[in-house]
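The next block holds one structure in the form of structure tokens; read it before the comments.
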Amino acid sequence: MSISKRPLIVIEWEDMTTDTQGWKMENSLIKDEPLLCTAVGWQIPSDRQYVFLATMRSSSGRCTDVHQIPRKAIKSLRRVE
């Protein structure tokens, strides 16, 4: 199936956070909540563990910027068209 015939979807998932401010003492660590992220794109063939989402496509049927999102992290997935 061509990427142009794939469903356009909006997907929300929980993603990890990270602290990139260098070394810290263990007792000064702050527990952050996971981030709720949103992406819009074309759902390409996925499997039982992951949803694959291409956020850009070309008129020739090619796609790029493919996200691999673990199904366990997904909070919602809805079809746009």
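Anchor point for the sequence shown: position 2 equals 2 in this note's numbering, and the numbering is continuous, going up by one each time. Ideal Cβ placement from N, Cα and C applies to all residues, glycine included.
Fill in: Separation of MET25 from ASP32, as counted between CA atoms
If you take the alpha carbons of ASP32 and MET25, they lie about 16 Å apart.
Worksheet item: Got a sec? Which residues, its chain only, sit under 6 Å from SER76 by beta carbon, not counting five neighbours each side?
Response: GLU12
Item to complete: Consult DSSP for ARG6 and reduce its assignment to one of helix, strand or coil.
Response: coil
Worksheet entry | Collapsed DSSP secondary structure at ARG57 in the structure displayed | strand
Worksheet item: In this structure, what does DSSP give as the bridge partners for ALA73?
Response: DSSP output for ALA73 lists no bridge partner at all.
Discussion item. Using the Cβ count rule (16 or more neighbours within 10 Å means buried), how would you classify ILE69?
Written reply: buried
Discussion item. Rounded to whole angstroms, what is the Cα-Cα separation between THR38 and ARG57?
Written reply: 18 Å
Worksheet item: Per DSSP, what kind of secondary structure is GLU134 in: helix, strand or coil?
Response: The question about residue 134 has no answer, for the chain in this structure spans 1 to 81.
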